[in-house]
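In order, the protein sequence lines correspond to chains A and B. In terms of full-length UniProt numbering, the first sequence is numbered consecutively and its last residue is 360. In terms of full-length UniProt numbering, the second sequence is numbered consecutively and its last residue is 360. Okay, structure first, notes after.
There are 2 protein chains.
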Amino acid sequence: MKEIERRCLRALIGIVQNIYDQMKAGQVPELHIATRTKYNIEFNEESEVWVYGDRKSVRSAKTVKGAYRILKMTYVIGFLKEQLNLNKSSTLRELYYISEGWGAAKFEEQPESDRLVEDLEILTNFQREHFHIRPEEDGATVIGPLRVREETRRGVREIHCQDDVGEGGYQIPVNVDKIEFVDHDAKFVIAIETGGMRDRLVENGFDEKYDAIIVHLKGQPARSTRRLLRRLNTELNLPVVVFTDGDPWSYRIFASVAYGSIKSAHLSEYLATPAAQFVGIRPTDIVKYDLPADKLTEEDIKALNAILTDPRFDSEFWKKEVNLQLEINKKSEQQALAKYGLDYVTDVYLPERLSELGVI
Amino acid sequence: MKEIERRCLRALIGIVQNIYDQMKAGQVPELHIATRTKYNIEFNEESEVWVYGDRKSVRSAKTVKGAYRILKMTYVIGFLKEQLNLNKSSTLRELYYISEGWGAAKFEEQPESDRLVEDLEILTNFQREHFHIRPEEDGATVIGPLRVREETRRGVREIHCQDDVGEGGYQIPVNVDKIEFVDHDAKFVIAIETGGMRDRLVENGFDEKYDAIIVHLKGQPARSTRRLLRRLNTELNLPVVVFTDGDPWSYRIFASVAYGSIKSAHLSEYLATPAAQFVGIRPTDIVKYDLPADKLTEEDIKALNAILTDPRFDSEFWKKEVNLQLEINKKSEQQALAKYGLDYVTDVYLPERLSELGVI
């Protein structure tokens, strides 16, 4: 077992020890865990990311519901202990099914066990990757002038993300911390929402012409993808830009990269890239480039209004853009730039946006 | 331009020539295209796949709707001609947006342009890959004892799908025909529905122990994934087994691998693997292994009844299993096997199923 896993296991066992000690002292055991809502996230000036505030929820064995929660937590910790000792790993889904054999500690549905794993992350200050718990989600692919060293169960692999991969790129593993950056010739990183646009940049040789590392976000990015972007930004000191569609769902994709997500604010310092910049389609661009657009749906309008009260978007830039969008009542996709031909995005749009930002 | 692309371009221009000739002869132009419904697919004994039958739909300029269709088709063919001449490619989504500049030939929504590309595939007997039209969809990843050579725009890459890749595997490109199989030590191919199960087999070293090529289907498989499976089966003579959940949606995944899909029956001989065998969770297994299960929803029941009238599932095996499933009113996921521990699937379930089928 690695040192960090040993520490993680000690933290897990600490939780059970604490429950045990309370019971031994004749108390009804309880746990205090940060509340996970947008009313309990606050900006940490030092790390420049949004983290949970001071509001706590209490899980107490005084209620039947609370007692079950604590019972289930002790079973999960027992399972994780065995898993770490055997150097195995499992998915969130497998964990849910494994509980079938736990009698009264069986989970009713998967969101319950997922949430319990989050509780353990918050209580221990470790990440589920340290518990060897994997998600179902699929990590990003990378193409660009970067050489990585990946530690696999089959030995170490050194891979150059242009010379040693096909056009599909390098598929990042679930646990990005198994990767080491060996060397690179990149000037910046561009994270792209859709596969079609990612393929467009690869076909047009954008990574070669601009020394860019192209990362495919695949919609709302997996944790591993966000972790990779943060590491590229902080370890290699590379600027990160995020290229998405121009609608509220895409702004949330940007926000989860840049500021962290509300659901996992306890991990912001590990996953967020506060320096990330937005080069997605702005409402301004819909007007400026006269892009093909769709009308906003009712859900879009609701989501835009939610953004206006989301602390992560509390800036002049976002207020102006979101209000403009509500006014013009339009949204556009990044591929709408194809209106002006297949090369417009790499020959005109991105060079314009990136020089405005001083990235190229 | 490659010879096959030259022939493809000739076929596309032949369509326009035909329209032109009809008009020159004073006729109202029309086109005859195979009808794409489950009532017009039939089994081709020779190729053992389901293909379109003789029913044709007519697109005639006698109606305004038909005239627009023919107009749009000529514009698309003009665009494809230019694209092939420049050796560029584009996504289905980009094609839709490009039509913005075509005046009366502009597409109202993407399904319309997607369908037109299918029409062109049927009329020319070529595939959209030959037109250089790419989908948005994401191809599979591969891990196993197989060495491929991929022709990319940046030169040729030779990649061993165990030794030269990380744990994420080799990401197959959109156009699988750019890959050549160099050599392999595999005994069979296992295609897996979910990422969690794919990761389980990789972690447990299933590919090394059983000399298996593990392909991740990612739910309903992309065309490139189905093409890859067919090529592994026909060119390398490897058995292909498909490992999915035990519900009607997963049986359809198997069917689209083995028999081709109704929407693209014109491509069955290119995409289907009739020899593929099902090792997914059977209703029989839900009973036999006493698997954790959910109740069937109304949609599940509807889908199971549709399977009973789907010609692709017209066999004793499927009738028995589907009827059993309706009777027990249960469905199970492949990860439900975790009830018996993380190694049960690779130590017990798959070895049992694969030896029954004579694959190992």
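Just so it is clear, CB atoms sit at the ideal spot from N, CA and C, and this is done for glycine as well. Quick caveat, the model's predicted, so the values are computed rather than measured.
Between B:V148 and A:V202, the alpha-carbon positions lie close to 21 angstroms from each other. By the Cβ neighbour-count rule, B:K209 is exposed, with fewer than 16 other Cβ atoms within 10 Å of its own. Taking C-beta separations shorter than 6 angstroms and ignoring five residues to either side along the sequence, the partners of B:I15 in its chain run L123, following chain order.
Contacts with chain B at 8 angstroms (Cβ-Cβ) include A:R154.
Less than 8 angstroms divides the Cβ of A:R134 from the Cβ of A:S90.
Apart from the 5 residues on each side of it in sequence, B:D119 sits with its Cβ closer than 6 angstroms to the Cβ of I33 in its chain, given in chain order. Ranked by Cα distance from A:L291, the options B:W249, B:G101, B:R157 are led by B:G101.
Shortest Cα-Cα distance from B:Q220 to any of B:Q17, B:I190, B:A275, B:A255 involves B:A255. Per DSSP, reduced to three states, the secondary structure at B:H32 is strand.
Shown here, A:L357 sits in coil according to DSSP, grouped into three states, outside any helix or strand. Residue environment for B:T63: exposed (fewer than 16 other C-beta atoms within 10 angstroms of its C-beta). Taking B:H160 as reference, the option from B:R282, B:I143, B:A272 with the minimal CA-CA separation is B:I143. Counting the other CB atoms within 10 Å of its CB gives A:F243 a total of 16 or more, which places it among the buried residues. Membership of A:E100 in any alpha helix (DSSP H) is not indicated, and neither H nor E is assigned to it by DSSP.
Just so you know, the alpha carbons of B:A61 and B:S268 end up roughly 30 angstroms apart. Spanning the alpha carbons of A:V345 and A:H266 requires a straight line of approximately 36 angstroms. Counting along the chain, B:K56 sits inside the beta strand (DSSP E) bounded by residues 56-60. Distance from the CA of A:K302 to the CA of A:I253, rounded to the nearest whole angstrom, comes to 17 angstroms. Taking the Cα of A:P239 as reference, the smallest distance to any Cα among A:A222, A:A258, A:R223 is reached at A:A258.
Within 10 angstroms of the beta-carbon of B:E108 lie fewer than 16 other beta-carbons, which makes it exposed. Taking a cut-off of 8 angstroms for Cβ pairs, the stretch 212-226 of chain B and the stretch 162-177 of chain B touch, as three or more such pairs fall below it. Between the stretch 268-282 of chain A and the stretch 35-55 of chain A, the count of C-beta pairs closer than 8 angstroms reaches three or more; the two stretches touch. About 16 angstroms separates the beta carbons of B:E193 and B:L228, which is beyond the 8 angstroms limit, so they are not a contact pair. Inside the stretch 240-290 of chain B, DSSP marks whole beta strand (DSSP E) runs of 3 or more residues at positions 240-243, from first to last along the chain. Per DSSP, A:V202 lies in no beta strand (DSSP E); the unbroken alpha helix (DSSP H) holding it starts and ends at 195-203.
Three or more beta-carbon pairs drawn from the stretch 323-338 of chain A and the stretch 278-294 of chain A are found closer than 8 angstroms, and the two stretches are therefore classed as touching. For B:I190, the uninterrupted beta strand (DSSP E) run begins and ends at 188-192, by DSSP. Sixteen is the threshold: since fewer than 16 other Cβ atoms of the shown chains lie within 10 Å of the Cβ of B:D314, the residue is exposed. Taking 9 angstroms as the upper bound on Cβ-Cβ separation, chain A lies near residues E333, Q335, A336, L337, A338, K339, Y340 of the stretch 324-340 of chain B. Ranking B:L350, B:K263, B:I70 by CA distance to the CA of B:G280 puts B:L350 first. Contact of A:P221 with chain B by beta-carbon distance below 9 angstroms is absent, the smallest such distance being about 14 angstroms.
Straight-line measurement puts the Cα of B:E42 at about 22 angstroms from the Cα of B:P248.
Spanning the alpha carbons of A:D21 and A:D207 requires a straight line of approximately 57 angstroms. Not a single CB atom of chain A sits nearer than 8 angstroms to the CB of B:G280.
A straight-line Cα-Cα distance of about 18 angstroms links B:Y170 and A:P145.
DSSP places A:S113 within a helical segment (H, G or I) once states are collapsed to three.
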